[in-house]
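Number of protein chains: 2
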Amino acid sequence: MNEFDYIDKYFRPLTNEFALNLKNDAAIINQKSSFDLIISTDSLVEGIHFFGNEDPADIAKKSLRVNLSDMAAMGAKPLFYNLSLSVPKVKASQFIPKFVKGLQDDQKMFDIKLIGGDLTSSLKHINITITIFGRSSRGKSIPRDGAKIGDCLYVSGILGLSKIGLDNYNSNFKEFQEAKRKYLLPQPRVDLGISLKNIANSMIDISDGLVQDATHLAKNSELTVEINLSKIPLPNINKIDKKLLLDSALYGGDDYELLFSCDPFYENKLVKLSSKMNLKLTKIGIFKKFNKKFLKFKNDNSNPKNSYLHF
Amino acid sequence: MNEFDYIDKYFRPLTNEFALNLKNDAAIINQKSSFDLIISTDSLVEGIHFFGNEDPADIAKKSLRVNLSDMAAMGAKPLFYNLSLSVPKVKASQFIPKFVKGLQDDQKMFDIKLIGGDLTSSLKHINITITIFGRSSRGKSIPRDGAKIGDCLYVSGILGLSKIGLDNYNSNFKEFQEAKRKYLLPQPRVDLGISLKNIANSMIDISDGLVQDATHLAKNSELTVEINLSKIPLPNINKIDKKLLLDSALYGGDDYELLFSCDPFYENKLVKLSSKMNLKLTKIGIFKKFNKKFLKFKNDNSNPKNSYLHF
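If you read the sequences in order, they're chains U and E.
If you're matching positions, the first sequence starts at 1 in my numbering and goes up one per residue.
If you're matching positions, the second sequence starts at 1001 in my numbering and goes up one per residue.
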């Protein structure tokens, strides 16, 4: 099969009307002036973001989900996506059908469709780049720079699980199954993101560890965020000591939980939302006037470390 | 420098207001209901689409230009683009500044800006994925499936030069300089594409050789296109025999000329347009009722060969 056969057989069935059956050089989107179009791109690179020996369906889902998580962080409703896939020639016939099955499943789960992209070979490693498109009412998406003095810092779910899953990827211990699952298949908090539209005034998804992403919010809002380490929601894994769990939460990547600031006024609303969505929402810090550092730990003078950096 | 430093120093200056200073998870586009948004993605992969030892500025320009060419093929005006760049750690500090300089130059030349993207490391090879956005008046972009029986097939510029440049990439002969330049830096026919909006009824840019791309037009329009081999505009290179020149035009890639169908009624208009734009526009074939094959050569029963296929 050549690339046109793959596109015909596997990718065309994933598309919506904007893709024009993948027969054009481009997709055509009917713009709606009452909405903003929200656009984000994330790449997953073999050897950097994934090992390469995972089920291709899981790799596909993770590629979509990290992008869906970016839509969640904007409070946007995901609509459709563009995919560029580069695969070594020798892997294509095994990889593509399973990869497409993963896309198909998650397209249903998250109600999105493919609108176009590019399929090429590569010499050695797989590279997946997805550009995702979402919408929000004009001017209503949630920025990264809207936190105010006195705002609370909230986080969804629990943190650090994904890093534990990655560190114990080759372990067969039952205790690590949930963590490994979370590492392989994060849950983008799309519904939560949309529900926070009139509550959160700044938001980010935690892809690089709590410290790095909380620093982004504080820096963009030109404030200091003070995090209460004892409040951080950690996983319950007996095999691992608390210190390592906390470190995974602070500096580990791939959690894809939402981190947001809001006025303390919304505390009760968030309690109700948490129970309605059956999803933990935890107040872990507070925003203060900028003082020397963008991020501090409450009652703890230790200096935050760096999270994963590509370069 | 880590990825945030690179983004701050090199990529932020390339952006427009939609990028929100690259401080958000996504770009926000104000939609305009009188326009369609045209979206296309092309990747350039080291070892497949480029050698890797080219000037990074030229690699940047080619990445943009192959995408601009997709906008040209739709008759769309390019507006902005999204970039995902994966670079091995050891190459980043040398590659990124020069690559960005290339983007900067071509942003000016083609009046487009960066709105977002992703910057990651990779293990071995560079991967560049650009998603480009353009606009055309609602319902006015040029499809691939609009050719009618009796329509003429036209092509811009000359064909095959890029393939000659690639084949003689390591030659220092003066005769190949123009060809090598065309291979490294194609000229996307953006202005021509827009000018053809009320003339061409189907169009494609030639990225995979005349035969493959003319077949796309015929197949999508469910017709047979008959190409007159003696009319194909070939480069004038004495060192290379006519047979090889013709082969390069038919099956060589990377020409990025526009190939389009139109009613013979527009013949005079195209003569004037050609002279106004100082760009050759040549009638090389005709569309007929479908008969056995999508593409035939006039007075020549030889079977077309395959162009480059990734898989």
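Cβ coordinates follow ideal geometry from the N, Cα and C atoms, glycine included.
No experiment lies behind these values; they were computed from the predicted model shown.
_Secondary structure of PHE1018(E), DSSP reduced to three states_ = Translated into the one-based positions of the second sequence, residue 1018(E) becomes position 18. Reduced to three states, the DSSP call for PHE1018(E) is helix.
*asked:* Please identify, using Cβ separations under 8 Å, the residues of the stretch 1098-1119 of chain E that lie next to chain U, in order along the chain.
replied: ILE1115, GLY1116, GLY1117, ASP1118 and LEU1119
*If we call anything under 9 Å between Cβ atoms a contact, is ALA1073(E) one with ASP1205(E)?*
Within the second sequence, residue 1073(E) is the residue found at index 73, counting from 1. Within the second sequence, residue 1205(E) is the residue found at index 205, counting from 1. In contact: ALA1073(E) and ASP1205(E) (Cβ atoms closer than 9 Å).
*At a Cβ threshold of 9 Å, is GLY1134(E) touching chain U?*
Counting from 1 along the second sequence, the entry for residue 1134(E) is found at position 134. With 9 Å as the cut-off, GLY1134(E) counts as an interface residue toward chain U.
_My output table needs one value for SER1221(E): the three-state DSSP class, helix, strand or coil._
Reading the second sequence from its first residue, position 221 is the one you call residue 1221(E). In the structure shown, SER1221(E) sits in a helix (DSSP, three-state: H, G or I).
*asked:* Nearest by alpha-carbon distance to SER1040(E): which of LEU79(U), ASN220(U), LEU259(U) and ILE130(U) is it?
replied: As a working mapping, residue 1040(E) is identified with position 40 in the second sequence. It is ILE130(U).
*For LYS289(U), does the three-state DSSP call read helix, strand or coil?*
On the first sequence, position 289 is the one that residue 289(U) refers to. It is a strand residue.
*Does DSSP put ILE1048(E) in a helix, in a strand, or in coil?*
Taking the first residue of the second sequence as position 1, residue 1048(E) is located at position 48. ILE1048(E) falls in the coil class under three-state DSSP.
*asked:* Assuming the contact rule is C-beta atoms closer than 8 Å, LEU184(U) and ASP58(U) should be a hit. Round their C-beta distance to whole Å, please.
replied: Mapped onto the first sequence, residue 184(U) falls at position 184. Mapped onto the first sequence, residue 58(U) falls at position 58. With a Cβ gap of about 5 Å, LEU184(U) and ASP58(U) count as contacting.
*Taking ASP1036(E) as the query, report the chain U residues whose CB atoms sit under 9 Å from its CB, ordered along the chain.*
Translated into positions along the second sequence, residue 1036(E) becomes position 36. Result: ILE28, ILE29, ASN30 and GLN31.
_Could you tell me the alpha carbon to alpha carbon distance between ASN1268(E) and TYR1154(E), rounded to whole angstroms?_
By one-based count along the second sequence, residue 1268(E) stands at place 268. By one-based count along the second sequence, residue 1154(E) stands at place 154. Going by the C-alpha atoms only, they are around 13 Å apart.
*C-beta neighbour in chain E for PHE311(U), strict 9 Å*: Along the first sequence, read from residue 1 onward, the residue named residue 311(U) stands at position 311. Judged by the 9 Å Cβ criterion, PHE311(U) is in contact with chain E.
*PHE11(U), buried or exposed, once every other Cβ within 10 Å from all chains shown has been counted against 16*: One-based indexing of the first sequence puts residue 11(U) at position 11. Its Cβ being crowded by 16 or more others within 10 Å, PHE11(U) is buried.
*Apart from the five residues just before and just after GLU1222(E), which ones in its own chain have a Cβ nearer than 7 Å to its Cβ?*
Stepping through the second sequence from its first residue, residue 1222(E) is reached at position 222. Excluding residues within five positions, the ones whose Cβ falls inside 7 Å are PHE1290.
*Inter-residue Cα distance where the pair is ALA147(U) and PHE80(U)*: Counted from its first residue, the first sequence places residue 147(U) at position 147. Counted from its first residue, the first sequence places residue 80(U) at position 80. Looking at the two C-alpha atoms, the distance is approximately 30 Å.
_Could you give the first and the last residue of the continuous alpha helix (DSSP H) run that contains LEU1166(E)?_
Indexing the second sequence from 1 puts residue 1166(E) at position 166. Start and end: 1161-1167.
*asked:* I'd like to check one pair, GLY1075(E) with SER1034(E): are the Cβ atoms closer than 9 Å?
replied: The count along the second sequence starts at 1 and reaches residue 1034(E) at position 34. The count along the second sequence starts at 1 and reaches residue 1075(E) at position 75. Going by C-beta atoms, SER1034(E) is not nearer than 9 Å to GLY1075(E).
*Leaving aside the five residues before and after PRO1186(E) along the sequence, list all residues of the same chain whose C-beta is less than 8 Å from its C-beta, in chain order.*
The count along the second sequence starts at 1 and reaches residue 1186(E) at position 186. Answer for PRO1186(E): LYS1062, ARG1065, VAL1066, SER1069, SER1162, ASP1254, ASP1255 and TYR1256, listed in chain order.
*Give the interface partners of TYR6(U) over in chain E, defined as CB-CB distance under 8 Å, in chain order.*
By one-based count along the first sequence, residue 6(U) stands at place 6. By Cβ distance, chain E contributes PHE1311.
*How would you call VAL1271(E), buried or exposed, if buried means at least 16 neighbouring beta carbons within 10 angstroms?*
For the purposes of this step, residue 1271(E) is taken as residue 271 along the second sequence, with counting starting at 1. Exposed, because fewer than 16 other Cβ atoms sit within 10 Å of the Cβ of VAL1271(E).
*Could you tell me if GLN1107(E) is buried or exposed, where buried requires 16 or more neighbouring beta carbons within 10 angstroms of its beta carbon?*
The residue labelled residue 1107(E) in the question sits at position 107 within the second sequence. Buried, since its Cβ has 16 or more Cβ neighbours within 10 Å.
*Residues in the stretch 1043-1058 of chain E with C-beta within 8 Å of chain U's C-beta atoms, listed in sequence order?*
SER1043, VAL1045, GLU1046, GLY1047, ILE1048 and HIS1049
*Leaving aside the five residues before and after LEU166(U) along the sequence, list all residues of the same chain whose C-beta is less than 6 Å from its C-beta, in chain order.*
On the first sequence, position 166 is the one that residue 166(U) refers to. Only TYR183 meet the Cβ criterion.
*asked:* For ILE149(U) and GLY1134(E), what's the separation of their Cα atoms in angstroms?
replied: Position 149 of the first sequence, counted from the first residue, corresponds to residue 149(U). Position 134 of the second sequence, counted from the first residue, corresponds to residue 1134(E). Rounded to whole angstroms, ILE149(U) to GLY1134(E) spans 41 Å at the Cα level.
*Could you name the residues of chain U that LYS1089(E) contacts, counting a contact when the two beta carbons are closer than 8 Å?*
In the second sequence, residue 1089(E) corresponds to position 89, counting from 1. Under the 8 Å cutoff, chain U gives HIS310 and PHE311.
*Can you find a C-beta in chain B that's less than 9 Å from the C-beta of THR1282(E)?*
Among the chains of the structure shown, chain B does not appear; the protein chains present are U and E.
*Using a threshold of 9 Å, state whether the C-beta atoms of LYS1288(E) and ILE1227(E) are closer than that.*
Stepping through the second sequence from its first residue, residue 1288(E) is reached at position 288. Stepping through the second sequence from its first residue, residue 1227(E) is reached at position 227. For LYS1288(E) and ILE1227(E), no; Cβs fall outside 9 Å.
*For ILE1029(E), the residue or residues it bridges with in DSSP*: The count along the second sequence starts at 1 and reaches residue 1029(E) at position 29. Looking at the DSSP assignment, ILE1029(E) forms a beta bridge with LEU37(U).
*To the nearest angstrom, report how far apart ASN192(U) and MET277(U) are at their CA atoms.*
Numbered from 1 along the first sequence, position 192 holds the residue referred to as residue 192(U). Numbered from 1 along the first sequence, position 277 holds the residue referred to as residue 277(U). It should be pointed out that residue 192(U) corresponds to Leu in this sequence rather than to Asn. Their backbone Cα atoms lie some 8 Å apart in a straight line.
*Three-state secondary structure (DSSP) at GLU257(U)?*
Working through the first sequence from its first residue, we reach residue 257(U) at position 257. GLU257(U): coil per DSSP, three-state reduction.
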